[in-house]
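**Q**
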Amino acid sequence: MNPRAGSESQVVEWKKQWNDEWLNWICGFANSVGGTLIIGKDDYGEAVGVA
């Protein structure tokens, strides 16, 4: 699956920006089935923070 297309799933997660409180969540994400974390996309798949 191309993480730049499609939608979020069990192995693809989009986040608008970095948040240190996500560290525990990321460890769980990585220890389950793994996947791709993309920072800079909102829940609709739109790029955010780009000028």
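Residues are numbered in the numbering used here as their position in the sequence shown, beginning at 1, plus a constant of 1260. For every residue, glycine included, the Cβ atom is placed at its ideal position computed from N, Cα and C. Since the structure is predicted, the reported quantities are computational estimates derived from the model, not experimental observations.
1. Where does the unbroken beta strand (DSSP E) through TRP1278 begin, and where does it stop?
2. Assign TRP1274 to one of two classes, buried (16 or more other C-beta atoms within 10 Å of its C-beta) or exposed (fewer than that).
3. Taking 7 angstroms as the threshold (C-beta atoms), are GLY1309 and GLY1300 in contact?
4. With DSSP as the reference, please indicate the residues paired to ILE1298 in a beta bridge.
5. So TRP1285 is in the alpha helix (DSSP H); what residue range does that whole segment cover?
**A** The relevant details are as follows:
1. Counting along the chain, TRP1278 falls outside any beta strand (DSSP E), and DSSP gives it neither H nor E.
2. buried
3. yes
4. TRP1274
5. 1283 to 1291
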